[in-house]
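Worksheet: one structure, shown below.
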Amino acid sequence: MTEPDATRAEHASLSHEDEPVTEEHRAILKAQRAAALQNPPGNHGDIAYQMLLLQQRLEAYERLHREEMAELRQELDRLRKTFLEETSLQMRAIKLGREPHHPQE
1 MTEPDATRAE HASLSHEDEP VTEEHRAILK AQRAAALQNP PGNHGDIAYQ MLLLQQRLEA
61 YERLHREEMA ELRQELDRLR KTFLEETSLQ MRAIKLGREP HHPQE
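Note that full-length UniProt numbering has the sequence shown beginning at 1, numbered continuously upward.
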């Protein structure tokens with residue numbers, strides 16, 4: 001099997017341990033497998049095909065990365081807000097505890 005044929009075969013068969021996580025990733029890999037099976041051996045467009053596959057993978061990973069970063073930012077903002085609320089209440093309690101008590105007359 002030549003290297004381009006091996007590359008197509010590699011893209012055509014995914015093991016279970018390489019299963020994609022998101023539906024979008026699954027759809028991309030399914031399209032790649034279908035395209036790999038349709039690309040006849042010895043085709044001069046193999047390099048262009050490999051470039052296309054890599055570009056598609058890169059775009060999918062970039063989208064996934066942006067989505068994960070947005071989720072992490074939201075979680076960090078939520079934790080910051082919670083932290084500020086809790087520390088604000090604690091600071092008020094500390095200040096109230098330090099203020100001299102004036103007996104009621």
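Using N, Cα and C, we set each Cβ at its ideal position, and we do this for glycine too.
Chain-order list of residues whose beta-carbon lies under 6 Å from that of residue i (same chain, five-residue window excluded)
i	result
E105	Low confidence applies to E105: its pLDDT is 48, below 50, so where it sits in the model is not reliable, and the reading given next is rough at best. Within the same chain, E105 has no close Cβ partners at all.
Nonlocal neighbours in the same chain, by C-beta distance under 7 Å from residue i, ignoring five residues either side
i	result
H16	The pLDDT assigned to H16 is 42, lower than 50, so where the model puts this residue is not dependable; a value taken from the coordinates is nonetheless given after this. Closer than 7 Å at Cβ, skipping near neighbours: no residue.
Where the alpha helix (DSSP H) through residue i begins and ends
i	result
G97	D46 to R98
Proximity winner among the options, relative to residue i (alpha-carbon distances)
i	options	result
I28	A70, D46, I47 and L54	L54
K30	A48, D77, D46 and Q56	Q56
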